[in-house]
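Take a look at the structure below.
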Amino acid sequence: MRIPITMCHGIRDYGENPLTVKLLRTFLSIAADLGFESINYDDLAAWRLGEKKLPDRPIMFDFDHPFKNLRYECHNALSAHGFVGNAFVYTRPYDETYDRDLPWGNDQYEHMTWEEIAELREEGWTIGAHTVSHPNLSELSLIDPTGDRIREELDRCNQVIRDNLGFMPQEFAFTGTSWSSIAEAEVKKRYRFGRLWIIGSEYKVDGQSMRYAELVKVDGLDEPDGGPPVAARYITETSDPYRLPSMELQYLLHEPSEFRAYLEGALSSN
Ligand SMILES: [Zn+2]
C-alpha cells in the first residue's frame, strides 16, 4: 500500500508557485476522478494497528498553520468531494504571554478562531500540534542541547490546545525542513505520529545538512525533479510513524500533471 500525502499552508495566491483556490480545486478534482478517498490520522492509526481497513485508494491532505482560509476556502474545496484534511496548529497567536515570537511575526497572517478550528474537527479533520513559536528544530538543538526549550514548545502548545479545544493533540508536524534527535525523542513521548515535509531532497538535522532519504532510511538516488526517491514520498506499512512524509503542493507537485503522476504512482502498488 502506498498512501499519498500532500501538504500546503492553505491558499497562497502570491509569490512563486502560488496555490490559488482554483489550483487547489483542480488538484482535488484529479484525486476524486482517480477514486481517492481521504483519511485522517485516526484512520491511519487504526489501520496500523490492524483495526481498520482503509479505502482502496486512500489519500491524506495535510495543512500546516492555523490560517483562516483553512476553515473556508480549503474546507469548502475539500468538502465538495467529501474529503477531510488534517490541520497542524502552532499556538503563539493564542498565547500572548509566551516569550518567543513566530519567525514571521505574530500578526502577519489572519488565523482561525478556536471555534473555527473546532468546526474543522467536528467535520472529521485531525487537529495536530506544530509547536508554539515554530522554531527551527535543528538550530534549537544547538542553542539548547538540554532540550528544555523544545519540551516547553511541545508542552505549552499541547496545553493551549487542550485548554481551548478540550483534547490533547496526538499528532505532530515538525517545523520547516528542520529536525533534531532531541525533538524526535520528545515528540515520541507525547504523540503517536510525527510528520515531515518534502520540498526538495535536503533536510537540516542536528545542525547539519542531510539528505531526506537518509533521514527516513530509504535507499536509492534522488529524483531528477529535485526531490527524494519516489519510495520516500508515500506512507507505507513500513513507514516510521515518527518520520511520515508529506509532499508540498507549492514545490514538487505544483503542476497538475505532477500531482496526477504522484497519485498514479500510488495506484501501481496498491
Ligand atoms: Zn510550519
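Under my numbering, the very last position in the sequence shown is 254; numbers go up by exactly one each time.
Cβ coordinates follow ideal geometry from the N, Cα and C atoms, glycine included.
Item: Straight-line gap, A167 to R140 (C-alpha atoms, nearest Å); Value: 14 angstroms
Item: Contact test: T159 Cβ vs ligand 1 heavy atom, cutoff 6 angstroms; Value: yes
Item: Contact check, H114 vs V73, beta carbons under 7 angstroms; Value: yes
Item: Endpoints, the beta strand (DSSP E) within which D48 is located; Value: 42 to 48
Item: Collapsed DSSP secondary structure at Y218 in the structure displayed; Value: strand
Item: Alpha-carbon to alpha-carbon, G204 and A245; Value: 19 angstroms
Item: M44, buried or exposed, once every other Cβ within 10 Å from all chains shown has been counted against 16; Value: buried
Item: Which of helix, strand or coil DSSP assigns to G249; Value: helix
Item: Contact under 7 angstroms by Cβ, P39 with A250; Value: no
Item: Rounded C-alpha distance that separates N90 from K52; Value: 14 angstroms
Item: Cβ-based neighbour list, L228, same chain, cut-off 8 angstroms, excluding 5 preceding and 5 following; Value: I(-11), F177, G178, R179, L180, I219
Item: Residues sharing a beta bridge with T(-10), DSSP; Value: F45, M231
Item: Cβ neighbours of F11 in the same chain (closer than 6 angstroms, five flanking residues each side left out); Value: F243
Item: Cutoff 8 angstroms; reference S1; Cβ partners in own chain excluding five residues on either side; Value: At residue 1 the sequence reads Asn, which differs from the Ser that was named. Taken in chain order, the residues that qualify are Q234, Y235, H238.
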